[in-house]
Structure formats: structure tokens, C-alpha cells
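In numbering that gives the first Met the number 0, the protein residues as written are 0 to 240.
Note that beta-carbon positions come from the ideal geometry of N, C-alpha and C, so glycine has one too.
Nothing here was measured: the structure is a model prediction, and the numbers come from that model.
I have placed the structure first, in the form of C-alpha cells, so that the comments after it can refer back to it.
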Amino acid sequence: MVDQIQHLENGELDKSNNYIIKAYNLYKIYNPDLPSMVTALDDVSFGIEKGKVIAIAGPSGSGKSTLLNILGCMDSATSGRAIIDGVDITKLSENELADIRKNKIGFIFQDFLLIPTLSALENVLLPLIPDGIKKADRERAMNILEQVGLAERASHKPKELSGGEKQRVAIARALINNPTIIYADEPTGNLDTTIGNEIIELLRNLSENTGVTVVIVSHDPMVWERTDLMLKLRDGKILNS
């Protein structure tokens, strides 16, 4: 059975320098001034150690995606703090959050989100376009495609790739900026069990070989069992058992 991440008090979080992600008393409240108010996150505090593969688990509506969006600098908490690789993201401007997403974070999505008119190699290079793509970038992208077993498919467009191959391209794209954290939102949701297990094993191997921290949102118990630790949510709260 996978050990669960526990709700931690601020003092416990402050004592350890091993956490690459720290959440302090996070609340996310939608429609706070209306009768339809929803508390998506309710006093969530925890730490995640560098280089671990973590599952965020829970039923629909438990707060999984809300938490991922906040930790991924795509949404803001109503209150509380989140520290990503030593940076308090709750105090940053939109431009500063964009820099964190660009330099520290890689994203993998259930629907792959590949550009259909681009090749696998071009899709991997997409995050580098704003700064200009250099020859060394193309070489790095090819090396990453080789790591995920797709070097021979680099020139193929998404319609020519299987679901598992598309997800491998998405993983390569998430790695192109050499992130410290990868967030994966239901990365096996559109894959069969065998291919899904291969994708999780690939993420585990990448974490072991590069030290990247991988946080996977999933409702699939088979995914949970292959991670190092699990953060289980229900009704916006961390379950400690």
C-alpha cells in the first residue's frame, strides 16, 4: 500500500529543507459572496520532497485539479501560501508566474494537447519558441525523444502516432525546459491499461534518472500503486488515513 502524505502544520513544514513543494493553509473558495459558494480547498498544508513521484488522488470534486492549477501557477489560492522550489508563488505577478511555469515546471495533459500540423519534434520544441529555437535546442529535443523511445518517430505528425506515442511526445515536451517539477493531469486517462502502465513507468524512470519531481493527478488506483506517496483529498481536505 502506498503511504499517504499527511496534513502538516506550519512548524513541521518549516523544519524541513527537503520539500520542493510546500503548501501552507491553502483555501480556494469560488463565489465567496454568493449562496452558491464552494470551498474547493479547505486548509490544505503539506510538503513534497524533491525527486519523488506523487499521486494526488480523490473522487470527482475533491479538489485535485484545483490544487494542481494552484501549484502549477495557473490559478491563485483565495488564501494561504504555496512555495515552489524556494519561491513563494502566492506573492508573484502574472509575469513572474509565467516565468516560473516556463523555467521550473513541465505539464502533461490527458488529451496530449499536441498541435496536429506539427511533427513530434516540432511539438517538443514548442515551449522554446518565445526565446527562439537554436541548433542545440533541436539536438536536445531529439535526445529527449530518444529517452522516451520516439527518436524514429520525430518527423511524424500526431495523426500518425498511437495514443501512447502521443503521450510520450507530451512527456518530451514537458522535459524540454529542464524543469524541476512535472505536473501530469490524468496522463493515462485516454490510454489502455498496458500503455498506461508503460507511461507511469517512463515517468518513474525519468524521475530516478534526472531528479525531477513528478506530481500525478489520477483517479486510477493502478496509478496510485506505482507512485512513491499519495496525497488523498476529499471535499477539499487532506485525508490522513
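By the Cβ-count criterion, Met36 is exposed, with fewer than 16 other Cβ atoms from all chains shown falling within 10 Å of its own Cβ.
Rounded to whole angstroms, Glu197 and Lys134 show a C-alpha spacing of 31 Å.
For Pro220, the closest C-alpha among the options Ile53, Asn142, Ile170 is that of Ile53. Contact between Asp42 and Tyr26 is confirmed by a C-beta separation of about 7 Å, below the 8 Å threshold. If you compare the alpha carbons of Ala81, Val147, Ser44, Lys14 with that of Gly235, the shortest gap goes to Ser44. Contact fails between the segment 85–105 and the segment 140–148, because fewer than three Cβ pairs, one in each stretch, are under 8 Å apart. By alpha-carbon distance to Ala153, the top candidate from Glu185, Leu202, Gly163, Met141 is Met141. The Cβ atoms of Ser75 and Ile69 lie closer than 8 Å to each other. In this structure, Val213 lies near Ala183, with their beta-carbon atoms less than 8 Å apart.
The beta-carbon distance between Ile175 and Ile143, rounded to whole angstroms, is 6 Å. This is short enough to meet the 8 Å contact definition.
DSSP places Thr187 in the coil class of the three-state scheme, outside both helix and strand.
Just so you know, the alpha carbons of Leu67 and Val216 end up roughly 8 Å apart. Secondary structure at Ser206: helix, using DSSP grouped into helix, strand and coil.
If you draw a straight line from the Cα of Lys165 to the Cα of Ile199, it is about 14 Å long.
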